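Numbering (our numbering), first residue to last: 62 to 308.
No residue lacks a Cβ here, since even glycine has one placed at the ideal position from N, Cα and C.
All of these numbers come straight from a predicted model, not from anything done at the bench.
Just below is one structure, and these are the notes that go with it.
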Ligand code: SF4
Ligand code: FES
């Protein structure tokens, strides 16, 4: 198929940026969206033009790097997938596709379609971990029994890949879904309860410092999340936060 692409081009964080139009031809339905962008870039390089900068790593839905807003939707028109898992069969010959970076104050554009998501890393560093005694007297993890339901819910929360689609989708640029997934994966397990209060207080504090907005329950984040992270995690984080604030 032949497509028209309207792509956000921005030299650096200071540049104002603009939409540029490109044509790509002979795109197979079997290609992934990123492979289609590879075709565009090969064409640009062959003409001595600057290729479009975009983030990617695993290209199999694991790393969370491929952060694109496609036709106004984070990770494009499909559900429960990342941009790298999006296939060109979701589009048709002659389509015009708008491709933009994830937009949020806390995710400044570095170049073209690449944004800086270090804010997520700093939130993780504020509390997204457990402290383990490695003195030689460490208890074997399997000796601590955990109810199956709690283990499943914790595992579901841990499947968040930190892509930032929830932030890009939210009209308030709220990071509540991401932070609540990271809080929940520990809050549900005995190993996470020891530092639970400091964790939720510190992670929420860092989230606010980074400039993310608040949650107003529009629920768009859950719809666009490629890993199906549930809003129940936000409710759990709010409970954890309230309990921690009162004690
Ligand atoms: S909650 Fe979902 S959308 Fe948000 S960072 Fe995690 S995986 Fe991405
Ligand atoms: S490139 Fe790793 S999730 Fe898309």
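Classify residue i as buried or exposed, calling it buried when 16 or more other Cβ atoms lie within 10 Å of its own Cβ.
i           : result
residue 243 : buried
residue 290 : buried
residue 178 : buried
residue 236 : buried
residue 189 : buried
residue 234 : buried
residue 161 : buried
How long is the line joining the alpha carbons of residue i and residue j, rounded to whole angstroms?
i           : j           : result
residue 155 : residue 212 : 47 angstroms
residue 88  : residue 126 : 23 angstroms
residue 82  : residue 208 : 54 angstroms
residue 305 : residue 97  : 48 angstroms
residue 39  : residue 129 : What the structure shows of the chain is the stretch from 62 to 308, and residue 39 is not part of that stretch, so it cannot be assessed.
residue 195 : residue 255 : 16 angstroms
residue 153 : residue 62  : 7 angstroms
residue 287 : residue 307 : 34 angstroms
residue 110 : residue 65  : 17 angstroms
residue 149 : residue 92  : 6 angstroms
residue 165 : residue 90  : 31 angstroms
residue 75  : residue 174 : 14 angstroms
With distances taken Cα to Cα, identify the nearest neighbour of residue i among the options.
i           : options               : result
residue 203 : 260, 291, 229 and 251 : 251
residue 273 : 90, 183, 215 and 255  : 183
residue 228 : 197, 113 and 176      : 176
residue 292 : 223, 260 and 239      : 239
residue 71  : 113, 109, 63 and 86   : 113
residue 163 : 123, 121, 69 and 99   : 69
residue 85  : 99, 219 and 141       : 99
residue 78  : 259, 169, 276 and 122 : 169
Starting from the C-beta of residue i, find all residues in its chain whose C-beta is less than 8 angstroms away, skip the five residues before and the five after it, and write them out in chain order.
i           : result
residue 199 : 193
residue 137 : 94, 129, 131, 144, 147 and 151
residue 266 : 187
For residue i, collect the residues of the same chain with a Cβ closer than 6 angstroms to its Cβ; drop the 5 residues on either side in sequence, then sort them by chain order.
i           : result
residue 167 : 180, 271, 272 and 273
residue 285 : 135, 226 and 230
residue 105 : 112
residue 261 : 244, 301, 302 and 305
Under the criterion of a Cβ to heavy atom distance below 7 angstroms, does residue i qualify as lining the ligand GDP?
i           : result
residue 197 : The ligand GDP is not part of this structure, which contains only the ligand SF4 and the ligand FES.
Next item on the list: Could you name each continuous beta strand (DSSP E) segment of 3 residues or more that falls completely within the segment 82-122, going from the start of the chain to the end?
Entry: none
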